[in-house]
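Have a look at the structure below before the remarks.
Residue numbers (this note's numbering): 357 to 562.
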């Protein structure tokens, strides 16, 4: 199949994402991520860290979707997405040039986001385990996004930026009391996975 043919398959996660935004069915979340993982597998012809990151995201997303009143499940969700980000970072490092730029980008992102968390989010989190999980997750997110700047493909960087934005919206909604932020959590999360799948298609020579 040509790269354009694989790109056409992105209509599947796009349709599932659009339907999920109006219907509260978790199965649609899974369809978005799993169809994106299937596209990555088909395009690359073998399993890869990106493929496994998308698969792990399904389990993590399940915990996050059912976390209400359950701190342990919330922590499992964060842990799952930490693992997904570690896999995304691994995938990035396979292509990245370890020049000074990604290290500088990581440092700036970690410092800026750390300041945001310290001033806006962490003072509102009473559970020490949750605070630690949030900080560790911020570091892996900053690393995957920062090092993506040294790898080819704007779609992958944009996808990782979208997941950071989605996570920020979750923090705003869950800890800072900004309920309006919750409206954009799913759209940015789905866009992340679709862009990551698109990045694999672009690699093929779209």
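The beta-carbon is built from N, C-alpha and C at its ideal position, and this holds for glycine as well.
What do you get for residue 358, buried or exposed, if any count of 16 or more other CB atoms within 10 angstroms of its CB means buried?
exposed
Helix, strand or coil at residue 423 [DSSP, three-state]:
coil
Assuming residue 378 is part of the alpha helix (DSSP H), what are its boundary residues?
Neither: residue 378 is in no alpha helix (DSSP H) and is coded neither H nor E.
Coil, strand or helix - residue 403 by DSSP:
coil
I want to check one thing, is the minimum distance from the CB of residue 539 to the heavy atoms of the ligand SAM below 7 Å?
What this structure holds is no ligand at all, so the ligand SAM is not there to describe.
Express the C-alpha separation of residue 489 and residue 483 in angstroms, rounding to a whole number.
10 Å
Using the Cα positions of residue 381 and residue 450, report the straight-line distance between them to the nearest angstrom.
35 Å
Straight-line gap, residue 362 to residue 394 (C-alpha atoms, nearest Å):
10 Å
How many whole angstroms separate the CB atoms of residue 345 and residue 497, which I take to be in contact at a CB cut-off of 8 Å?
This structure cannot speak to residue 345, because the chain is shown only from 357 to 562.
CA-CA distance, residue 557 and residue 392?
11 Å
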